[in-house]
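Before any comments, here is the structure.
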Amino acid sequence: MRVYGIKSCDTVRRAMKELSAAGHAPELVDIRAEPQDETVFRAFYDDFGAALVNTRSTTWRGLSAEEREGDPVGLISAHPALMKRPVVEDGGRRTLGWDQAAKAVWL
Numbered sequence: 001m002r003v004y005g006i007k008s009c010d011t012v013r014r015a016m017k018e019l020s021a022a023g024h025a026p027e028l029v030d031i032r033a034e035p036q037d038e039t040v041f042r043a044f045y046d047d048f049g050a051a052l053v054n055t056r057s058t059t060w061r062g063l064s065a066e067e068r069e070g071d072p073v074g075l076i077s078a079h080p081a082l083m084k085r086p087v088v089e090d091g092g093r094r095t096l097g098w099d100q101a102a103k104a105v106w107l
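The sequence shown stops at residue 107 when you use full-length UniProt numbering, and every number in between is there.
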């Protein structure tokens, strides 16, 4: 099981803790510390669409209107903090975020 996120993100830390407590062995992939190939983000975007981009983030608010109109995958590759977190992946399944729906899948 892989958890894509940023290690300092509270939501990612909560997901890692709850997944471990449920008997999973989650591996954190820190997308800021370990830059991912754009194909990884493209696959996530294919699954989740525009929901993958965290438009409430400080990073998003700091972008110009022109930058915001660009390719979302390219934006996430350049600014990993723009990705909504975490993306949990295991056995061909993926979930986005750590809400009740994601918890229902993994816990």
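Where a beta carbon is used, it is the ideal one built from N, C-alpha and C, also for glycine.
**Q.** Separation of residue 68 from residue 60, as counted between CA atoms
**A.** 8 Å
Q | Enclosing alpha helix (DSSP H) for residue 47 [first to last residue] | A | 38–48
Q: Count the other C-beta atoms from every protein chain shown that fall within 10 angstroms of the C-beta of residue 77, then say buried if there are 16 or more, exposed otherwise.
A: buried
Q | Cut-off 7 Å between Cβ atoms - residues of its own chain near residue 54, not counting five sequence neighbours on either side | A | 60, 82, 83, 84
Q: Rank 8, 19, 13, 10 by C-alpha distance to the C-alpha of residue 1 and give the top, closest one.
A: 19
Q) What's the C-alpha gap between residue 96 and residue 87? A) 5 Å
Q | Simplified DSSP assignment, three categories, for residue 59 | A | helix
Q: Check the C-beta distance from residue 33 over to residue 107 and give it rounded, since I have them as a contact under 8 Å.
A: Not quite, the Cβ-Cβ distance comes to about 26 Å (not below 8 Å), so this is no contact.
Q. Grouping DSSP H, G and I as helix and E and B as strand, with all else coil, what is residue 114?
A. There is simply no residue 114 to check, as the chain begins at 1 and stops at 107 in what is shown.
Q) Just curious, the beta strand (DSSP E) that residue 2 is in, first and last residue? A) 2–5
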